[in-house]
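Going by full-length UniProt numbering, the sequence shown opens with residue 1, and the numbers climb by one from there. Every residue gets a Cβ at the ideal spot worked out from N, C-alpha and C, and that includes glycine.
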Amino acid sequence: MNVLHMRSEYLDNGPGTQPLKIALQFRERGYESYFAGAKGYMDDIIKENGFEFIEVPSLARLERGIGSFFKSVSHIKSIIKDNNINVVHTHNGACSFIAYFASLLAGRKVTIVRSVRGIELRPSHQYRNWIYKIYPAKLLAVCEFARKELIRVGADPKKISVTFNGADLNIFDKNSLSKEKVRAEYNIKPSDFLIGHVGAFSGWKGQDVLVRVLAKLLEKDSKYKLMLVGHGADFERVQALADELNVAEHVVFVGRVMKSETYHMAFDLYTQPSVKGELFPNAIVEAMALGKTWIGSDISGLKELTNDGKAGKVFEPNDIDSLVSEIEYLSNNPSMMRERESNAYNFVLEQLTSEKVCDRIEKAYREDG
């Protein structure tokens, strides 16, 4: 079976990197995968992994319009015909409609599915969700929260499957990775309590919240360190905040990396204090795959990742005092840490491995209609 992944651009964020992770899993199952999109950060990485990347400039977000829509339909039609595509797996809204019309013009029966990793939640922008009432694709929701929201805005419940996000245990293998390696590289002592976060500095992931949390923690104990993995527009502002609060010596700004598993392994506690924009962050799943417990914000589908509080815990966004209190509690109660860590790892084994996620996706690929 031949699968075409489509996205406007493949960037270094969850929606941009997940298509490659899916394709790698499906290659092991005998599927042939292709990628179409405008220029993006991930293009060369996709090629380095042995997949064909077909540039479609008209798919770019900044090129959207009637003219670019028809150009994209024509280009995707040719890709479908030339590569005998059976499934188009789209990773943003516009691409599903482009794939639908392209398949009609190609005269081929093509299954169209879309991974839904975001949905418009702002009351003032609900008009953007009307398209789900006429959506031409099966919808792969990454969490139960997304499924319920899709139904709320008018999507056909029969077209929705919940797939979740998953971790590849061949990569996120706690038995083969060293906790000490990265810590030694950045002079993090075994006695230090390392709080970690992986994500783009987008302005809403909450890295600034963590710097403020760290400042309060250090008022009581010097053992706390913070490691932030990622880059983006908000990077320098967060660095400046660390300087302003006099905690810069306790913060490690790693920058952008594509292989985060060695950094995840170094953390004592993973944190996801996002203030908006999340549904079901893969970084949390990957942390739990390495036996890490986590705390974060009670937004969208994050609560589902706590496994009813047994694997992690969530608080209101920007609730600095509650985050400080929970970190102090966990760092001083190793038995509770071990219990939550064990629960987190077992939760991934039971539901959130990449193999289980791809089983759900494959079912959608092979279903008629």
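Option nearest residue i by Cα separation, candidates the options
i: I79; options: V252, E316, S68, E52; result: E52
i: H91; options: S103, N83, I112; result: I112
i: E28; options: W130, E362, L226; result: E362
i: R61; options: R7, D234, A146; result: R7
i: I151; options: E326, L194, V116; result: V116
i: T271; options: E249, A248, P123, V229; result: V229
i: D234; options: F253, K220, L218, L217; result: F253
i: P15; options: P281, L177, P123; result: P281
i: W130; options: A106, G232, D156; result: D156
DSSP state of residue i mapped onto helix, strand, coil
i: A94; result: helix
i: W204; result: coil
i: E149; result: helix
i: Y270; result: strand
i: G312; result: strand
i: R183; result: helix
i: F347; result: helix
i: F164; result: coil
i: F253; result: strand
i: R117; result: coil
i: S176; result: coil
Beta strand (DSSP E) segment containing residue i, residue limits
i: H264; result: No beta strand (DSSP E) contains H264, which is instead part of the alpha helix (DSSP H) from 261-266.
i: K138; result: 138-141
i: L305; result: That residue, L305, is in no beta strand (DSSP E); it is neither H nor E in DSSP.
i: Y34; result: 32-38
i: A55; result: Residue identity differs from the one stated: residue 55 is Glu in this sequence, not Ala. First-last of the beta strand (DSSP E) with E55: 52-55.
i: N2; result: 2-9
i: I195; result: 193-198
i: I295; result: 294-297
Straight-line Cα distance separating residue j from residue i
i: A289; j: L169; result: 7 Å
i: P334; j: V110; result: 53 Å
i: G291; j: K71; result: 47 Å
i: S300; j: K276; result: 8 Å
i: N2; j: I134; result: 26 Å
i: V198; j: I171; result: 16 Å
i: R340; j: T293; result: 6 Å
i: L330; j: V251; result: 20 Å
i: S306; j: L121; result: For clarity, residue 306 is Thr in the given sequence; the question names Ser instead. C-alpha separation (whole angstroms): 22 Å.
i: G50; j: H125; result: 40 Å
i: A364; j: K159; result: 9 Å
i: D43; j: S33; result: 14 Å
i: K225; j: F69; result: 49 Å
Run of the alpha helix (DSSP H) containing residue i, from where it starts to where it stops
i: V225; result: Note on identity: in this sequence residue 225 is Lys, with Val being the wrong assignment. Unbroken run through K225 is the beta strand (DSSP E), 224-229; no alpha helix (DSSP H).
i: S354; result: 354-366
Beta-carbon spacing of residue i, residue j below 8 Å
i: D268; j: L241; result: no
i: S96; j: A137; result: yes
i: P19; j: Y31; result: no
i: Y263; j: V213; result: no
i: residue 413; j: A99; result: Nothing about residue 413 can be read from this structure; the chain reaches only from 1 to 369.
i: P164; j: L352; result: Pro is not the amino acid found at residue 164; the sequence shown has Phe there. Yes. Within cutoff.
i: S297; j: G203; result: no
i: K21; j: S260; result: no
i: K216; j: I320; result: yes
Chain C contact for residue i (CB, 8 Å cutoff)
i: D359; result: As a matter of chain content, chain C is missing from the structure shown, which is built from one protein chain.
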